[in-house]
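There are 2 protein chains.
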Amino acid sequence: MPQPDVMEKLVSLCKRRGFIFQSSEIYGGTGSVWDYGPLGVELKKNLKERWWNSMVRSRDDIEGLDAAILMHPRVWEASGHVGGFVDPLVDCRNCKKRFRADDSKIKGTPGTPDAQCPACGMKGTLSEARQFNLMFKTFMGPLEDSAAVVYLRPETAQGIYVNFLNVQQSTRQKVPFGIAQIGKAFRNEITPGNFIFRTREFEQMEMQFFVEPDSAPKWFEYWKAQRMEWHRALGLSENRLEFHEHTKEELAHYARGAFDVQFDFGGTLGFQEIEGVHNRGDFDLTQHQQFSGKKLEYFDQPANKRYLPHVIETSVGADRTTLAALVNAYREETVEGESEGRTVLGLHPSLAPIKVAVFPLMKKEGMPEMAQKIAADLRKDFRVDYDDGGAIGRRYRRQDEVGTPFCITVDVDSVAAGGPGDVTIRTRDDLSQVRVPVAQLKAAISDLLSRDETRATIEALSETWRRV
Amino acid sequence: MPQPDVMEKLVSLCKRRGFIFQSSEIYGGTGSVWDYGPLGVELKKNLKERWWNSMVRSRDDIEGLDAAILMHPRVWEASGHVGGFVDPLVDCRNCKKRFRADDSKIKGTPGTPDAQCPACGMKGTLSEARQFNLMFKTFMGPLEDSAAVVYLRPETAQGIYVNFLNVQQSTRQKVPFGIAQIGKAFRNEITPGNFIFRTREFEQMEMQFFVEPDSAPKWFEYWKAQRMEWHRALGLSENRLEFHEHTKEELAHYARGAFDVQFDFGGTLGFQEIEGVHNRGDFDLTQHQQFSGKKLEYFDQPANKRYLPHVIETSVGADRTTLAALVNAYREETVEGESEGRTVLGLHPSLAPIKVAVFPLMKKEGMPEMAQKIAADLRKDFRVDYDDGGAIGRRYRRQDEVGTPFCITVDVDSVAAGGPGDVTIRTRDDLSQVRVPVAQLKAAISDLLSRDETRATIEALSETWRRV
């Protein structure tokens, strides 16, 4: 079943509610670069934290790393990016516009008299394709000459390869083990677009797992399964996730195998890569060993042998996965017995930017004071919103729209007999409500969030509390 | 009392134990750029998390943001960086070396016949001072011409100013409120150095607080006090922290007041800025309003007036503060009754990269199995190390050196009668030990870490447990 195209609505919601703004918007924007607003930064932080916990903190065989964006330029010669990280471009001699040579709007073969410019429509004005490197370059030090050129890294992986022995020796890890990293990368894309799907500045979450060569196929299967499961646990729908195996044509020359985890973004975008799982052989360490002149071999003591480990790489786009989580979560629905519908971001509660919202039912009889006190207390542990503006139904809708899993309402009964009595917790996804004593509120919310369930529903609420 | 110079020892420890490596080390390094290794990335993450929690999550008057590194180039014209973010440089016509014009090693006035080059020693070969912009520049899009120039941001603050109204309107915040951000910035420094103190790629933690103009002096005092207290709570010694008030000569032309929080790094480096607290007036919003042509005024509904808020800025160097925490924590000491001394990183437990280490006393009688089970269980909540290699004293020393606040040892008694019985928790700073039942271990460690004390000592241990 084709998924609906929600992108336009999502872009609007993201700006209006402070998830994502166009970069430098007051200056007309920066080409395909985006800023994360107050709710977006929390969402993306939560996503990165989930990845870091699953990859680094909860395991004893993966170490973390945070390598710099600016690296020695020889790194990119060794990796092949200086020579090969290129897109073929053509120019129109008439209108001066540039296009990717494989742009489907170009009619005819660029460089021949028949080729027609898709912008100005002239014939015979398109140049032959020329190679254009996608790395951003800059100059380090006071001189702007070729010796001063450094690049903004186009991927984080190389920071891991060049630190392989530093990490292995300082942590005394034994192969098999991995190195994980989250960080920015930059690509001077010719045709970026689709909101935060393809941007010039983006964030990657990469893990390179170093293995004994014969065991590489086994570990490749292991990581394929692990990574798909991670996306499922995030709440991405089963029917929107699939593996795409690279064909011989797509496969890099050194690669032993490559699968993309694809997510169905709906509309014309459809299934697109959000993560790559690759069996890279010993290509990377071989290259760096050769270009640096430094031995990068691992000594396997029990087996008494030296070798270059093979690498299984898992590489997630943090922005793409954030977008996938948003697209997956977005829904509009009617509510029984209500005339107005609601928009919901059904995000996994662990990803939700705001965990709890606290409302006084009315602005009187001590309700605002009690609600503010509850909010301040919960704020020590969770991201909390307090809202006393407008009708209660409207306040619920405002929270639904940004994915807040639990709303707490302080009502007349809560403050009766001098309060604090019970308050209502309302769940985002099935709109159920339970009454919980204020003294148990923090424990209740902690319990609900620790269950790691993808939806915020009544099933997640302990039977200790009374449904209302 | 002058503080000792521990920098050299610290650099060595940081490399050996995986805190900080030179970037692209196998290629001879990248100029003044550093990579955070497995322990360094956790330390810095913990530091950033403490800042984010104190500034954003625990408050209702500050919103988070994560603006992009690449911004519209007009931003840097408005901010004054294109015109004014410069260092004066001089060249030697003989040896081609470059120096800062204020380099104390230069004898005489550059550009005059008497001036002597500090490198080759020739007289009269030094050029007059020329202005050199410290921003890294690159080109966006396929053309490398002046219209394509963009800069790597030299500070994160401008991302906050240009998003002021986007954030205010999407969150419905009312002045006074703040916007906080953690992110990378880049400066093409001519004389970087002192390890991670001054680097070309660095990370800032900035918060801009927008206030009604008349209240700016009051908020300035508030934030000065708050920020100094934050550094103290981090465990930085009282006598190593001080305010430095900018003199008239140091003060930027628009600034109404500026104080640096300085930390004493010891040795020749001494007291240096780790944070700036500035009263910037309405300079930034005025500039961006003028350069963008977009109104950035805030409408104060109750007072029925429109104005440009004034800004109180707090700007912390994340790398500098990480270095301060390391320098502050480093100590060598003798232990009563032991022949060998020990090196300790007395980090605040919340900053420690590893929270708990688990050891089997011996590799037999089920001790390793029980210790591994404990480690796996604790790992769900904390960063845990398991170590069964070498004498127990040596294992303690290895953890002391990286700042692990608590070590758990599984001994013969723990596994007696089929175990699990009690295990020993040993504290890093006073070397005290208590016995705790395995069933209560997770609660005990959670309790210890939640106390937010700067040292790991017996005082932090509840009286529930028996001291041994």
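So the protein sequences, as listed, match chains A and B. For the first sequence, position 121 (counting from the first letter as 1) is numbered 120 according to numbering that gives the first Met the number 0, and the numbering increases by one without interruption. For the second sequence, position 364 (counting from the first letter as 1) is numbered 363 according to numbering that gives the first Met the number 0, and the numbering increases by one without interruption. Using N, Cα and C, we set each Cβ at its ideal position, and we do this for glycine too. Given the structure is predicted, the values throughout are model-derived calculations rather than measurements.
Minimum C-alpha distance to residue i - residue among the options
i	options	result
Gln-203(A)	Thr-155(A), Gln-168(A), Arg-305(A) and Ile-189(A)	Thr-155(A)
Gly-340(A)	Lys-372(A), Leu-295(A), Glu-400(A) and Val-383(A)	Glu-400(A)
Asp-350(A)	Asp-113(A), Gly-234(A) and Val-85(A)	According to the sequence displayed, residue 350(A) carries Leu and not Asp. Comparing Cα-Cα distances from Leu-350(A) to each of Asp-113(A), Gly-234(A) and Val-85(A), the minimum goes to Gly-234(A).
Cys-13(A)	Lys-372(A), Val-343(A), Lys-173(A) and Thr-456(A)	Val-343(A)
Ala-128(B)	Leu-142(B), Phe-194(B) and Gly-107(B)	Gly-107(B)
Thr-198(B)	Asp-34(B), Glu-368(B) and Pro-367(B)	Asp-34(B)
Leu-151(A)	Gln-21(B), Thr-29(B) and Asn-162(B)	Thr-29(B)
Pro-141(A)	Arg-97(B), Lys-304(B) and His-80(B)	Arg-97(B)
Gln-286(A)	Gly-269(A), Pro-308(A) and Ile-273(A)	Pro-308(A)
Phe-290(A)	Lys-8(B), Gln-2(B) and Glu-24(B)	Glu-24(B)
Gly-388(B)	Arg-382(B), Pro-404(B), Leu-64(B) and Lys-363(B)	Lys-363(B)
Val-148(A)	Val-210(A), Val-81(A), Glu-188(A) and Glu-237(A)	Val-81(A)
Asp-101(B)	Pro-117(B), Cys-94(B) and Gly-345(B)	Pro-117(B)
Gly-345(B)	Asn-303(B), Arg-15(B), Leu-42(B) and Ser-126(B)	Leu-42(B)
Glu-312(B)	Phe-209(B), Arg-382(B) and Asp-299(B)	Phe-209(B)
Tyr-160(A)	Lys-122(B), Ile-68(B), Tyr-26(B) and Val-414(B)	Tyr-26(B)
Ser-11(A)	Tyr-329(A), Gly-83(A) and Ala-251(A)	Tyr-329(A)
Lys-293(A)	Val-409(A), Gly-182(A) and Leu-164(A)	Leu-164(A)
Met-121(A)	Lys-95(A), Arg-99(A) and Glu-143(A)	Lys-95(A)
Met-366(A)	Val-383(A), Val-414(A) and Arg-231(A)	Val-414(A)
Neighbourhood of residue i by C-beta, 7 Å cutoff - its chain only, sequence neighbours within 5 removed
i	result
Glu-244(A)	Phe-258
Beta-bridge pairing of residue i - partner residues as DSSP gives them
i	result
Trp-33(B)	Gln-21(B)
Gln-207(A)	Ile-178(A) and Glu-312(A)
Asp-380(A)	Bridge partners of Asp-380(A): none, in fact.
Leu-360(B)	For Leu-360(B), which the question treats as bridged, DSSP gives no partner whatsoever.
Arg-129(A)	Leu-88(A)
Arg-434(B)	Thr-423(B) and Arg-465(B)
Thr-246(B)	DSSP, once it has assigned bridges, lists no residue as partnering Thr-246(B).
Thr-408(B)	Phe-358(B) and Thr-423(B)
Ala-184(B)	Phe-201(B)
Gly-192(A)	Arg-197(A)
Phe-138(A)	Val-148(A)
Thr-170(B)	Answer is none; Thr-170(B) lacks a bridge partner.
Lys-122(B)	Gln-115(B)
Val-343(B)	Arg-330(B)
Close Cβ partners of residue i (< 6 Å) along its chain, the five nearest in sequence each way excluded
i	result
Glu-452(A)	Ala-459
Ala-66(B)	Gly-158
Val-357(B)	Ala-370, Ile-373, Ala-374, Tyr-385 and Ile-407
Arg-92(B)	Thr-124
Phe-298(A)	Arg-305
Ala-179(A)	Met-54, Val-55, Ile-61, Gly-63 and Met-206
Ala-77(A)	Gln-286, His-287 and Phe-290
Ile-353(A)	Arg-382, Asp-384 and Thr-403
Trp-464(B)	Val-433 and Val-435
Gln-21(A)	Gly-28
Asp-4(B)	Gly-265 and Gly-266
Phe-185(A)	Phe-135, Leu-151 and Glu-200
Contact set for residue i: own chain, Cβ-Cβ below 8 Å, skip 5 residues either direction
i	result
Val-85(A)	Gln-130, Phe-131, Asn-132 and Leu-133
Ile-457(A)	Thr-426, Asp-429, Ser-431, Val-433 and Arg-466
Phe-196(B)	Phe-264, Leu-268, Gln-271, Asp-318, Arg-319 and Leu-322
Tyr-253(A)	Arg-279, Gly-280 and Phe-282
Asp-412(B)	Gly-420 and Asp-421
Gly-110(B)	Val-89, Leu-125, Ser-126, Glu-127 and Ala-128
heavy atom of the ligand SAM below 7 Å from residue i C-beta
i	result
Gly-82(A)	What this structure holds is no ligand at all, so the ligand SAM is not there to describe.
### Task
Taking only runs that begin and end inside the stretch 279-328 of chain A, name each unbroken alpha helix (DSSP H) of 4 or more residues, in chain order.
Taking only runs of at least 4 residues, the alpha helix (DSSP H) segments lying wholly in the stretch 279-328 of chain A are 282-291 and 317-328.
### Query
Any chance the stretch 268-282 of chain B sits against the stretch 62-75 of chain B, with 3 or more Cβ pairs inside 8 Å?
As far as the Cβ criterion goes, the stretch 268-282 of chain B does not touch the stretch 62-75 of chain B, which means the pair count is below three.
### Query
On the three-pair Cβ rule with 8 Å, is the stretch 260-273 of chain B touching the stretch 47-60 of chain B?
Cβ pair count under 8 Å is below three, so no.
### Message
Tell me whether the stretch 441-456 of chain B and the stretch 422-432 of chain B touch, counting them as touching only if at least three CB pairs, one residue from each stretch, are closer than 8 Å.
### Response
Counting Cβ pairs under 8 Å, three or more are found: they touch.
### Message
Contact between the stretch 391-400 of chain B and the stretch 369-380 of chain B is defined here as three or more beta-carbon pairs at a separation below 8 Å; is this criterion met?
### Response
Counting Cβ pairs under 8 Å, fewer than three are found: no touch.
### Message
List, from N- to C-terminal side, the alpha helix (DSSP H) runs of 4 residues or more that fit wholly inside the stretch 31-96 of chain A.
### Response
Scanning the stretch 31-96 of chain A from its first residue to its last, the whole alpha helix (DSSP H) runs of 4-plus residues come out as 37-51, 73-77 and 80-83.
### Within 8 Å of chain E by C-beta, residues of the stretch 70-89 of chain B in sequence order
As a matter of chain content, chain E is missing from the structure shown, whose protein chains are A and B.
#### Entry: Three CB pairs or more closer than 8 Å across the stretch 200-219 of chain A and the stretch 170-180 of chain A
Enough Cβ pairs lie closer than 8 Å, so yes.
### Query
Could you give the uninterrupted runs of the alpha helix (DSSP H) lying entirely in the stretch 214-276 of chain B, keeping only those of 4 residues or more?
Taken in chain order, the complete alpha helix (DSSP H) segments of 4 residues or longer contained in the stretch 214-276 of chain B are 215-232.
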